Amino acid sequence: MQTDKTPTYAVPIEDAEKWVTNWVDANTDGKTLDPTDMRAFLVHREDFIELLRQYDTEYVRLYMGRREDPNSDNQLRACLLMVSATRQGTIDPKSPDPDLIVDLVGQVTVLNGDKAQEANYQVFDFSQICPPMCDVNSPLFIGEPDARCQ
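Following our numbering, the numbering of the sequence shown begins with 449 at its first residue and continues without gaps.
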């Protein structure tokens, strides 16, 4: 039985890069993605709060990825990778474009008043995909539900 809460975890940057590459290259093998394989993502409120607690997070950038599905043999399942983001001027006040919004991933030097401070920013995958975590009664659930939807 699926629940609305799976364990939250930070994703190593190498896994995040692989998963995003899996998404970007999804159609290079001549197959197309079935849009009903990825109708929506469910993310628990607490998980967003955890992400927003990272120092200097002004924005959240979401990346599409495809990670290995532990419940199937060699299948990839869509995932939603989330990273903190901020204005470039927050981490480099001498930046030529201080309003550029940049991702905060890995070790980043940020400003804390007049002092530079090292911070380690994580990539998160809190997502639960629909299907199976669907609300088939939502006006945004377009089409007929199938056996994959719970």
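Glycine included, C-beta positions come from ideal geometry on N, C-alpha and C. Just so we're clear, the structure is a prediction, and the values are computed from it rather than from any experiment.
Pick from the options that is closest to residue i, judged by C-alpha positions
| i | options | result |
| --- | --- | --- |
| Asp547 | Gly537, Gln555, Val556 | Gly537 |
| Cys578 | Gln502, Tyr457, Leu528 | Leu528 |
| Asp573 | Asp485, Arg509, Asp504 | Arg509 |
| Asp482 | Trp467, Arg525, Ala533 | Arg525 |
| Asp495 | Ala464, Ala595, Gln570 | Gln570 |
| Phe589 | Met486, Pro544, Asp473, Gly513 | Met486 |
| Tyr511 | Asn475, Glu465, Glu498, Arg493 | Glu465 |
| Ser586 | Ala488, Ala474, Asp463, Asn519 | Ala488 |
| Asp562 | Pro580, Asp540, Pro544 | Asp540 |
| Ile461 | Val584, Gly554, Cys597 | Gly554 |
| Trp471 | Pro593, Ile497, Glu516 | Glu516 |
Helix, strand or coil at residue i according to DSSP, with G and I counted as helix
| i | result |
| --- | --- |
| Asp463 | helix |
| Ala488 | strand |
| Val472 | helix |
Span of the beta strand (DSSP E), counted from its first residue to its last, around residue i
| i | result |
| --- | --- |
| Glu494 | Segment 493 to 500 is the alpha helix (DSSP H) holding Glu494; no beta strand (DSSP E) there. |
| Ile577 | 576 to 578 |
| Asp573 | 571 to 573 |
| Met512 | 507 to 516 |
Short Cβ contact (8 angstroms threshold) for residue i with residue j
| i | j | result |
| --- | --- | --- |
| Leu552 | Val531 | yes |
| Ala567 | Val556 | yes |
| Gly591 | Thr480 | no |
| Thr469 | Glu506 | no |
| Ser575 | Val491 | yes |
| Trp467 | Arg514 | yes |
Write down every uninterrupted run of the beta strand (DSSP E) in the region 521 to 562 whose length is 3 residues or greater and which is fully enclosed by it, in chain order. 524 to 535, 549 to 552, 554 to 560
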